[in-house]
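Numbering (UniProt numbering), first residue to last: 1 to 238.
All C-beta atoms in this analysis are idealised placements derived from N, C-alpha and C, irrespective of residue type, glycine included.
Given the structure is predicted, the values throughout are model-derived calculations rather than measurements.
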């Protein structure tokens, strides 16, 4: 996990939020100020609000992706850092972040005394005055400027997948698909019903006439029987 050695001070989360609100920084997330958009917005406002900050020329150097979130803004002498423990779930954000004027990444190990000596030599060489102390007085008055080791266990701040949300989303999708299928299948189910009713309607219309047909057939049979008797009587008489 990314580990940094920095020279700076702690900036409390409460004052970070106040600064972001007062300065109307829409692109800055006060609970995670090392994001690309957040750090760029805050550092740019530092440059315009505090004119005593020294200028820095961009340096051409190879940087790994994990370093870029902290060291990418080379136009500013100020660096912003966050500490984060992915196993800490009781709070959404740490109570403070770090504002530094010197940051190095520790990949395996570092000689702290040697790095401190390099920093002191660099400050003397640049001779830029006490601008960092003035910045501290503006952002976090009274906060000590010291050396800190900052560990960030989730610098990219990725969001884990929620299986429950995915299952709920799939259930909703399945229900919507089922509803669409029922709507499409509804007319098809109604069509045979209509056809069957049309087929049955002639039968139902002729149903009342059926007794008449039976009566007519019976009358026809009686007439023929009567004729036989009539002709048989005539033959007997002759």
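Comparing alpha-carbon positions, the option among 34, 143, 48 and 129 lying closest to residue 81 turns out to be 34. In summary, residue 42 is buried, with 16 or more beta-carbon neighbours lying within 10 Å of its beta-carbon over all protein chains present. Burial is judged here by how many other beta carbons sit within 10 angstroms of a residue's own beta carbon; residue 10 has at least 16 and is buried.
In the assembly as shown, residue 121 is an exposed residue. Its beta-carbon has fewer than 16 other beta-carbons within 10 Å.
Residue 5 is not a Cβ neighbour of residue 145, given a cutoff of 8 Å. Under the 10 Å beta carbon count, residue 109 is surrounded by fewer than 16 other beta carbons and is classified as exposed. Residue 47 sits in a helix when the DSSP states are folded into three classes. The C-alpha of residue 153 lies about 22 Å from the C-alpha of residue 14. In this structure, DSSP gives residue 56 a state outside helix and strand, which the three-state scheme calls coil. The beta-bridge partner set that DSSP reports for residue 79 consists of 100. Around residue 28, the same chain offers 20, 38, 41 and 42 as residues with beta carbons nearer than 6 Å, after the five sequence neighbours per side are excluded. Per DSSP, reduced to three states, the secondary structure at residue 115 is helical.
Residue pairing of residue 11 in beta bridges, as defined by DSSP: 97. Secondary structure note for residue 138: it is in no beta strand (DSSP E), and the uninterrupted alpha helix (DSSP H) holding it is 131-139. Under the three-state reduction of DSSP output, residue 125 falls in the helix class. Less than 8 Å divides the Cβ of residue 98 from the Cβ of residue 150.
Cα atoms of residue 140 and residue 12: separation of roughly 8 Å, rounded to the nearest angstrom. About 5 Å separates the CB atoms of residue 54 and residue 128; that is less than 8 Å, so the two are in contact. When 84, 90, 101 and 2 are compared, the shortest CA-CA separation from residue 73 is found for 101.
Collapsing the DSSP output to three states places residue 37 in a helix. If you draw a straight line from the Cα of residue 1 to the Cα of residue 103, it comes to about 16 Å. Separation of the CB atoms of residue 131 and residue 7 is rounded to 13 Å, and the pair is thereby denied contact status at 8 Å.
The beta carbon of residue 3 is closer than 6 Å to those of 106 and 151 in its chain, skipping five residues each way along the sequence. Between residue 93 and residue 31, the CB-CB gap stays under 8 Å.
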